[in-house]
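Take 1 as the starting number for the sequence shown in our numbering and just add one per residue.
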Amino acid sequence: MSTAAPHTPALATFAGGCFWCLEAALNQVQGVLRAESGYANGHHPHPTYEAVCGGDTGHAEVVQVSFDPSVVSYRQLLEIFFAMHDPTTLNRQGNDVGTQYRSGIYTHDAEQAHEARTLIEELTMTKVFPQPIVTEVLPLANYHPAEAYHQGYALANPHQGYCAYVVLPKLGKFRKTFADLLKTAD
């Protein structure tokens, strides 16, 4: 029997457009304990989905990830984040338009901020994206979990229009690209 202490979970918070897609992908990654849809970096003390979608709260739709850094690294989560959305469009992902759909990395400490900025520099220098990256890197502020019906929404509602035509195709590409990081069925 092992006497090693379990690793303390770490947190990461990403904004990459609609939170349904990123949350569905990240919940499939080995070492991710929970990916939770939420709202962050806005000014309203109690944001609701309707208010955030209206653009009145300043919040971004985000996914907050609790993960075991001994299984999946913050760098690997960043790589998934950049693969799952277009970080070159300001306040827009596809047909989703507004500051709530901005690209953002909301950091929990200085090390995360450094790692995020380093990866952005690498992606820029190697011209991975045809346009400049507009992802903001800021300390996490004013985080609130989204309403319960948003948690696990894409996988629970695969026939809903947005999920069927936007989320599920992205998840298929994600599973192929990151097959080595996916959780296995026990």
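Beta carbons: idealized from backbone N, C-alpha and C, even for Gly.
Alpha-carbon spacing of residue 43 relative to residue 51, whole angstroms: Roughly 12 Å separates the two Cα atoms.
Expected contact under 8 Å - CB spacing of residue 25 and residue 106 to nearest Å: With a Cβ gap of about 18 Å, residue 25 and residue 106 do not count as contacting.
Length-filtered (3 minimum) beta strand (DSSP E) runs lying within the region 11 to 96: Uninterrupted beta strand (DSSP E) stretches at least 3 residues long and entirely within the region 11 to 96 occur at 32 to 40, 60 to 67, given in chain order.
Assigned secondary structure, residue 158 (DSSP; H/G/I helix, E/B strand, else coil): When DSSP states are grouped into helix, strand and coil, residue 158 belongs to the coil group.
Rounded separation between residue 157 and residue 167 - CA only: For residue 157 and residue 167, the distance between alpha carbons rounds to 10 Å.
Three-state class that DSSP yields for residue 7 in the structure shown: Looking at residue 7 - three-state DSSP - the assignment turns out to be coil, as it is neither helix nor strand.
Whole-angstrom distance between residue 47 and residue 115, CA atom to CA atom: Cα to Cα, residue 115 sits roughly 29 Å from residue 47.
Cα-Cα separation, residue 180 to residue 72: Straight across, the Cα-Cα distance linking residue 180 with residue 72 is about 11 Å.
Endpoints, beta strand (DSSP E) assigned at residue 138: Bounds of the beta strand (DSSP E) holding residue 138 are 136 to 139.
Cα-Cα separation between residue 142 and residue 39, rounded to whole angstroms: Each residue's Cα considered, the two are about 8 Å apart.
Opposing strand residues paired with residue 193 [DSSP bridges]: Absent from the structure is residue 193, since the part of the chain shown begins at 1 and ends at 186.
Enclosing alpha helix (DSSP H) for residue 118 [first to last residue]: Its alpha helix (DSSP H) spans residues 110 to 125.
Buried or exposed by the 16-neighbour rule on C-beta atoms within 10 Å, applied to residue 45: Classification for residue 45: exposed.
Rounded separation between residue 12 and residue 31 - CA only: One alpha carbon belongs to residue 12, the other to residue 31, and they sit about 13 Å apart.
Anticipated Cβ contact below 8 Å, residue 9 with residue 67, distance rounded: Right, their Cβ atoms sit about 6 Å apart.
Residue 238, enclosing beta strand (DSSP E) - first and last residue: Nothing about residue 238 can be reported from this structure: the residues present for the chain run from 1 to 186 only.
Span separating the alpha-carbon of residue 135 from that of residue 110: Residue 135 and residue 110: Cα-Cα distance of roughly 17 Å.
6 Å CB neighbourhood of residue 1 in its chain, flanking five on each side removed: Residue confidence for residue 1 is low, a pLDDT of 49 falling below 50, so the modelled location carries little weight; the figure read from the coordinates is stated next. Excluding positions up to five away in sequence, the list is empty.
Beta carbon of residue 150 nearer than 8 Å to that of residue 19: Their beta carbons are under 8 Å apart, which means residue 150 touches residue 19 by this criterion.
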